[in-house]
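Using this note's numbering, the letters of the sequence shown map in sequence onto residues 20 to 608. Idealized CB from N, CA, C, for every residue including glycine. Here the structure is a predicted model, which is why all the values come from computation and not from measurement. One structure is given below, encoded as structure tokens.
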Amino acid sequence: MTSDTATHPGQGRTTDEQPLPWQRRLRRFGYRGGVARPDVRERLVPAFPEPGTRVWEAMGAGPGAARVLARSMGWAGPLVVALFAGLLRFWNLGSPNAVIFDETYYAKDAWALLKRGYEVDWNSVKDVNDQIVAGHAAVPDAAGYVVHPPVGKWVIALGEWMFGLNPFGWRFMVAVLGTLSVLMLCRIGRRLFRSTFLGCLAGALLAVDGLHFVMSRTALLDTVLMFFVLAAFGCVLVDRDKARARLAAALPEREDGTPLPDAEVGDRLRLGWRPWRLAAGVFLGLAFATKWNGGIYLAAFGLMIVLWDVGSRRLAGARRPWLSTLRRDVPWAFVSTVPVAVGVYVASWTGWFTHSGTYSRTAGWQHSGYARHWAETEGGQSPDGFLAGVLNPLRSLWHYERQVWDFNTTLSSPHTYQSNPWSWLVQSRPVSYFYESPRPGNSGCPIDTTDKCAREVLALGTPLLWWAGCFAVVYLLYRWALRRDWRAGAVLCGVMAGYLPWFMWQERTIFVFYAVVFVPFLCLAVAMMVGAILGPPGAPERRRALGAVGAGVLVLLIVWNFVYFFPIYTGQAIPMDAWRNRMWFDTWI
């Protein structure tokens, strides 16, 4: 390996150091530390490759038109993939015409927020789900105890506000966010891999994942959580590129224009206003205010952006990158994320705060949220005057949240479809949201069927995609540990933050559909693995051809797998034999 011994005044070290002995020993396992790399500016902000024009020219476009068409694919490709995903998700969205699985909580709570401003106790209404489907359910006044913050239910309520309290209405906004998440993932993958193809592939894999598909057509909170987490990841990714671009622009240059690492820039440069990091704080707050496990992503992404800042300053030439990051970046990173997220979370309870209700000596507090006046009635001594109006609601909310914490960490009621997180990645125990057995001629069951049919909505990830994802996670661990690939680390952060915490509560009643929050990152992992199968651009033609065949077969098998299971993702009536053929394992029944 050649060594560039040129140094910059104040730098005090070579720009391309010789590898250490332990680095040389790890080379046999694929470690890449100490290998000569592009100049520092290119390493800080890798350029997007110029898109090829051969396909468009082969289709008859002139050189100029071919360049325009090729460049437009950065947005046109993701939009086409998102359109495909949207058509799938909105097709027959109102079916089944029923309250399925946990829609019995969130669809009704969303409607209560819309009509009352707080969640109510629906148990007082007899046969309430039947009344809702029939279109004449009245909203009670009595407050109801709920265990999730309100943002996800407000999102569902927006669809109900537009289309009413019916299956299409309460599923509408979830389908919108499910579709937009596909678009976001295409763009995120493009920025992460510097490849429009791999970005669109990641989005397409998300579009045909059965778990994401079913969750995008069901009024549960987890798809809303997934959307906000993915949006936050996209924001910190854009922030990373822009911050590194500022560092790169400030570096001194040789006479030939080659940039040089510089200690003054690396250690002391202030990166200024970072709106994308602030936007990430807002989205993480919205995730936290949808379900509490969104707070785990706040911690995970916070650690990740600090490590990114350290790496950026080290690459720019900082002598003490950790100290420089702690002084220049960490305080503002904290302010842009944690207080912002907490503020968004508290603000999400505005309906609960503002609906203080009315008080009478005989009935107590009425027409207010659950435990809204705990501080005044059971909380002991409370302040008077103005402070009472500010602190009492906050004390009541804190008491409420402590109750919710106790519930969420101790829930252990057995459920038919609960599963241990060890089984999630292989999809061994999906969740049946809806099932009925119509007879021939009823509910879409063909009249000539010899036996009854089965209609099921099964929250099952596309098996071949998830099984490929297991190998992809192992590959990314290799890329991160031995090839020092930050992209692999970023994707693994998204997967592990949504997966590993559930191992702390293995005795709790938990379900595989909680995994939908990290499905986009799993698709990024598979896309990155497919990119490795395809081979690097400079590889021999035979290697690229074999890689293209292997990658193409894998992707086509995943698409076929989704098509095969499509009837049990959408609740279509199919003969019992066809349904049994799709139950590959006894644990799926």
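| said: Assuming Y164 is part of the alpha helix (DSSP H), what are its boundary residues? | reply: Taking the sequence shown and counting its residues from 1, the one referred to as residue 164 is at position 145. Unbroken run through Y164: none, as it is neither H nor E.
| task | In angstroms with no decimal places, state the Cα-to-Cα distance between C205 and C219. | result | Locating residue 205 in the sequence shown gives position 186, counting from the first residue. Locating residue 219 in the sequence shown gives position 200, counting from the first residue. So the alpha carbons of these two residues sit roughly 5 Å apart.
| said: Just to confirm my understanding: we take G314, look at its own chain, exclude 5 residues before and 5 after, and list those with CB closer than 6 Å. What are they? | reply: Looking up residue 314 in the sequence shown gives position 295. Result list for G314: F307, in chain order.
| Does the separation of the CB atoms of T373 and G517 fall below 8 Å? | Locating residue 373 in the sequence shown gives position 354, where the first residue counts as 1. Locating residue 517 in the sequence shown gives position 498, where the first residue counts as 1. In this structure, G517 does not lie closer than 8 Å to T373 by Cβ.
| task | Indicate the three-state DSSP secondary structure (helix, strand or coil) for A612 in the structure shown. | result | Beyond the ends of the chain as shown, which are 20 and 608, falls residue 612; an answer cannot be given.
| Name the DSSP bridge partner or partners of T396? | Counting from one through the sequence shown, the residue named residue 396 turns up at place 377. According to DSSP, T396 bridges with nothing at all.
| Cβ neighbour criterion (16 or more within 10 Å) applied to P65 | As a position in the sequence shown, residue 65 is number 46, starting the count at 1. Counting Cβ neighbours within 10 Å, P65 comes out exposed, since fewer than 16 surround it.
| Going by DSSP, what residues sit across from A473 in a beta bridge? | The sequence position of residue 473 within the sequence shown is 454, counting from 1. Answer is I593.
| Cβ-based burial, H155 [other Cβ within 10 Å; buried from 16] | Here residue 155 corresponds to residue number 136 of the sequence shown, with the count starting at 1. Exposed, because fewer than 16 other Cβ atoms sit within 10 Å of the Cβ of H155.
| When you compare each of R498, S200, V476 to F537 by their alpha carbons, which one comes out closest? | In the sequence shown, residue 537 corresponds to position 518, counting from 1. For the residues R498, S200, V476, the minimum Cα distance to F537 belongs to S200.
| message | If you follow the beta strand (DSSP E) that S343 is in, where does it begin and where does it stop? | response | Within the sequence shown, residue 343 is the residue found at index 324, counting from 1. Element bounds for S343: not the beta strand (DSSP E) but the alpha helix (DSSP H), 340–347.
| With DSSP run on the structure shown, which of helix, strand or coil describes V139? | As a position in the sequence shown, residue 139 is number 120, starting the count at 1. If DSSP states are grouped into helix, strand and coil, V139 belongs with the strands.
| field | Straight-line gap, A95 to P459 (C-alpha atoms, nearest Å) | value | Here residue 95 refers to the residue found at position 76 of the sequence shown. Here residue 459 refers to the residue found at position 440 of the sequence shown. Each residue's alpha carbon lies about 45 Å from the other.
| said: Taking the alpha helix (DSSP H) that T453 belongs to, which residues open and close that run? | reply: Residue numbering aside, residue 453 sits at position 434 when the sequence shown is read from its first letter. According to the sequence as given, residue 453 is Phe; it is not Thr. Counting along the chain, F453 falls outside any alpha helix (DSSP H), though it belongs to the beta strand (DSSP E) covering 450–455.
| How is the alpha helix (DSSP H) around V199 delimited, first residue to last? | Position 180 of the sequence shown, counted from the start, is the residue given in the question as residue 199. The residue asked about is misnamed: residue 199 is Leu in this sequence, not Val. Start and end: 186–212.
| task | Using only alpha-carbon positions, find the residue among C472, A390, L479 that is nearest to Y419. | result | In the sequence shown, counting from the first residue as 1, residue 419 sits at position 400. Nearest of C472, A390, L479 to Y419, Cα basis: A390.
| task | Just tell me which of G304, R421, L266 has its CA closest to the CA of P429. | result | If you number the sequence shown from 1, residue 429 lands on position 410. Note on residue identity: the sequence assigns Thr, not Pro, to residue 429. Cα-wise, what sits closest to T429 is R421.
| query | On the three-state DSSP scale, how would you describe Q525? | reply | Position 506 of the sequence shown, counted from the first residue, corresponds to residue 525. Reduced to three states, the DSSP call for Q525 is coil.
| task | Find out if the Cβ-Cβ distance for the pair L239, D348 is shorter than 8 Å. | result | Indexing the sequence shown from 1 puts residue 239 at position 220. Indexing the sequence shown from 1 puts residue 348 at position 329. No; because the gap between Cβ atoms is not below 8 Å, this pair is not in contact.
| Of the listed residues R502, G197, D260, nearest to R209 (C-alpha basis) | Position 190 of the sequence shown, counted from the start, is the residue given in the question as residue 209. Measuring from the Cα of R209, the nearest candidate turns out to be D260.
| message | Please identify the residue among D504, F530, R562, K134 whose C-alpha is closest to the C-alpha of Q437. | response | Counting from 1 along the sequence shown, the entry for residue 437 is found at position 418. Looking at the Cα atoms, F530 is the closest of the given residues.
| task | Alpha carbon to alpha carbon, how far is T344 from V193? Give it in angstroms, no decimals. | result | As a first step, residue 193 is located in the sequence shown; it is residue number 174 there, counting from the start. As a first step, residue 344 is located in the sequence shown; it is residue number 325 there, counting from the start. Taking the straight line joining both Cα atoms gives about 39 Å.
| message | Within 10 Å of its beta-carbon, does P115 have 16 or more other beta-carbons around it, so buried, or fewer, so exposed? | response | Working through the sequence shown from its first residue, we reach residue 115 at position 96. Burial call: buried.
| request: Look at the alpha carbon of N439 and the alpha carbon of L230, and state the distance between them as a whole number of angstroms. | output: By 1-based counting over the sequence shown, the position of residue 439 is 420. By 1-based counting over the sequence shown, the position of residue 230 is 211. Taking the straight line from one Cα to the other gives about 17 Å.
| said: Buried or exposed, going by whether 16 or more other CB atoms sit within 10 Å of the CB of P280? | reply: For the purposes of this step, residue 280 is taken as residue 261 along the sequence shown, with counting starting at 1. Answer is buried; the Cβ neighbour count reaches 16.
| request: Could you work out which residue in A534, M602, P68, P465 is closest to S214 when comparing CA atoms only? | output: For this step, residue 214 is matched to residue 195 along the sequence shown. If we check each option's Cα against that of S214, P68 comes out closest.
| task | Quick one: measure Cβ to Cβ for L98 and L202, integer angstroms, because I've assumed they're closer than 8 Å. | result | In the sequence shown, residue 98 corresponds to position 79, counting from 1. In the sequence shown, residue 202 corresponds to position 183, counting from 1. L98 to L202, Cβ: 7 Å. Contact.
| field | Run of the alpha helix (DSSP H) containing I19, from where it starts to where it stops | value | One cannot answer for residue 19 here, as it falls past the ends of the chain, which runs 20 to 608.
| task | For W130, count neighbouring C-beta atoms within 10 Å of its own C-beta (all shown protein chains included) and say buried if the count is 16 or more, exposed if not. | result | As a first step, residue 130 must be located in the sequence shown, where it is residue number 111. By the neighbour-count rule (16 or more Cβ atoms within 10 Å), W130 is buried.
| Should Y588 go down as buried or exposed, given a rule of 16 or more other Cβ atoms within 10 Å for buried? | The residue you call residue 588 lines up with position 569 of the sequence shown. Its Cβ being crowded by 16 or more others within 10 Å, Y588 is buried.
| What are the residues that DSSP puts in a beta bridge with Q385? | Working through the sequence shown from its first residue, we reach residue 385 at position 366. Answer is T377.
| field | Integer-rounded CB distance, given that T123 should sit under 8 Å from N142 | value | Mapped onto the sequence shown, residue 142 falls at position 123. Mapped onto the sequence shown, residue 123 falls at position 104. Wrong, their Cβ atoms sit about 11 Å apart, outside the cutoff.
| In angstroms, rounded to a whole number, what distance separates the CA positions of V174 and W486? | Your numbering for residue 174 matches position 155 in the sequence shown. Your numbering for residue 486 matches position 467 in the sequence shown. Computed Cα separation, rounded: 32 Å.
| task | Return helix, strand or coil for A570, following the three-state DSSP convention. | result | In the sequence shown, the residue the question calls residue 570 occupies position 551. DSSP places A570 in helix when its eight states are reduced to three.
| task | Would you give the residue range spanned by the alpha helix (DSSP H) that M245 belongs to? | result | Position 226 of the sequence shown, counting from 1, holds the residue named residue 245. Its alpha helix (DSSP H) spans residues 241–269.
| field | Element boundaries [alpha helix (DSSP H), containing A558] | value | Your numbering for residue 558 matches position 539 in the sequence shown. Taken as a continuous stretch (DSSP letters only), A558 belongs to no alpha helix (DSSP H), as it is neither H nor E.
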